[in-house]
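Asker: My structure is below; once you've seen it, I'll send some questions.
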Amino acid sequence: MTWWLRQRGAFGLLPGALLAFALGIGSTSGVSIVFPSFLGNFAMMTELSTFVAVIPGIALIACLERRMPPLERSAVRRVDARDIVLVSGFALLVSVVAAVMSFVGSDALLVAARNNLLFCGLALAAWPLLGHRAPLIPVFWLIQSMFLGGRSRDDPYPWVIVTEAADVAHAAVGAFAVFLAGILVFICLAPRTDR
Numbered sequence: 001m002t003w004w005l006r007q008r009g010a011f012g013l014l015p016g017a018l019l020a021f022a023l024g025i026g027s028t029s030g031v032s033i034v035f036p037s038f039l040g041n042f043a044m045m046t047e048l049s050t051f052v053a054v055i056p057g058i059a060l061i062a063c064l065e066r067r068m069p070p071l072e073r074s075a076v077r078r079v080d081a082r083d084i085v086l087v088s089g090f091a092l093l094v095s096v097v098a099a100v101m102s103f104v105g106s107d108a109l110l111v112a113a114r115n116n117l118l119f120c121g122l123a124l125a126a127w128p129l130l131g132h133r134a135p136l137i138p139v140f141w142l143i144q145s146m147f148l149g150g151r152s153r154d155d156p157y158p159w160v161i162v163t164e165a166a167d168v169a170h171a172a173v174g175a176f177a178v179f180l181a182g183i184l185v186f187i188c189l190a191p192r193t194d195r
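Okay, so the sequence shown: first residue is 1 according to the working numbering, each after it adds one.
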């Protein structure tokens, strides 16, 4: 068990990513930037902490890329089941940390928690197909959501999720649904050990 956790980076990589996420959203919460709208009607205000919410998804893919298939095939216990618990638990832990920090800070921290679930779900769904290139999908989603603009001032398209305010219910439901879909795709399509 300790070997597996050490190999995945659970003692160094994941705590470092959690610390970087917490410090990043703590220091950038409440700072908004405006990007030009290339296709939409109105430019959208975007929290700077939205960019920081990509860090945990990248860390999860880096953790999964540290697999050693020949050694893991000879394992007595199912390593792939532990991978599922590790990545889903870490993504939920990061969102809980951001939600707890929102009691002290602004609503931007709740947006970061929601966006973390969205980005982790997108990265986990893309990993079985794209491998180490899977973090490009959340980054692309972030970029297109900012540059597509919105329907009206401070009203982004509903499917964007990233630039929605913290109190928008459909954005939270959508982010959680994408996270669950990402876990399901990860369970169904990820390379498995022989056990």
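All C-beta atoms in this analysis are idealised placements derived from N, C-alpha and C, irrespective of residue type, glycine included. Here the structure is a predicted model, which means the values were calculated and not measured.
Flag Leu92 as yes if its beta-carbon sits less than 8 Å from any beta-carbon of chain C, otherwise no.
Answerer: No chain C appears in the structure shown, which is made up of a single protein chain.
Asker: Taking contact to mean 3 or more Cβ pairs, one atom from each stretch, closer than 8 Å, check whether the segment 81–95 and the segment 147–162 are in contact.
Answerer: Result no; under three Cβ-Cβ pairs closer than 8 Å.
Asker: Identify whether Pro156 lies in helix, strand or coil by the three-state DSSP scheme.
Answerer: The answer is strand: DSSP assigns Pro156 an E or B state.
Asker: What would DSSP say about Met44, mapped onto helix, strand or coil?
Answerer: Coil, per DSSP.
Asker: Quick one: using the 10 Å Cβ neighbour count with 16 as the cut-off for buried, is Trp202 buried or exposed?
Answerer: Lying outside 1 to 195, the shown extent of the chain, residue 202 is not represented and no answer is given.
Asker: Tell whether a beta-carbon distance below 8 Å holds between Phe90 and Leu14.
Answerer: For Phe90 and Leu14, yes; Cβs fall inside 8 Å.
Asker: Closest by CA to Ile33, which one among Ile187, Val139, Leu124, Asp154?
Answerer: Checking every option, the nearest Cα to that of Ile33 belongs to Asp154.
Asker: Could you tell me the boundaries of the beta strand (DSSP E) in which Ile33 lies?
Answerer: Taken as a continuous stretch (DSSP letters only), the beta strand (DSSP E) holding Ile33 covers 32–34.
Asker: With DSSP collapsed to three states, give me the class of Arg151.
Answerer: DSSP places Arg151 in strand when its eight states are reduced to three.
Asker: So, using beta-carbon positions, are Phe35 and Thr46 closer together than 8 Å?
Answerer: In contact: Phe35 and Thr46 (Cβ atoms closer than 8 Å).
Asker: From Arg195 to Leu130, what distance separates their C-alpha atoms?
Answerer: Reliability fails at Arg195, whose pLDDT of 37 lies under 50, so the model's placement of it is uncertain and the value that follows must be treated cautiously. Rounded to the nearest angstrom, the two C-alpha atoms are 24 Å apart.
Asker: Three-state secondary structure (DSSP) at Ser95?
Answerer: It is helical.
Asker: Hey, quick one: how far does the alpha helix (DSSP H) through Arg114 stretch, first residue to last?
Answerer: Its alpha helix (DSSP H) spans residues 108–130.
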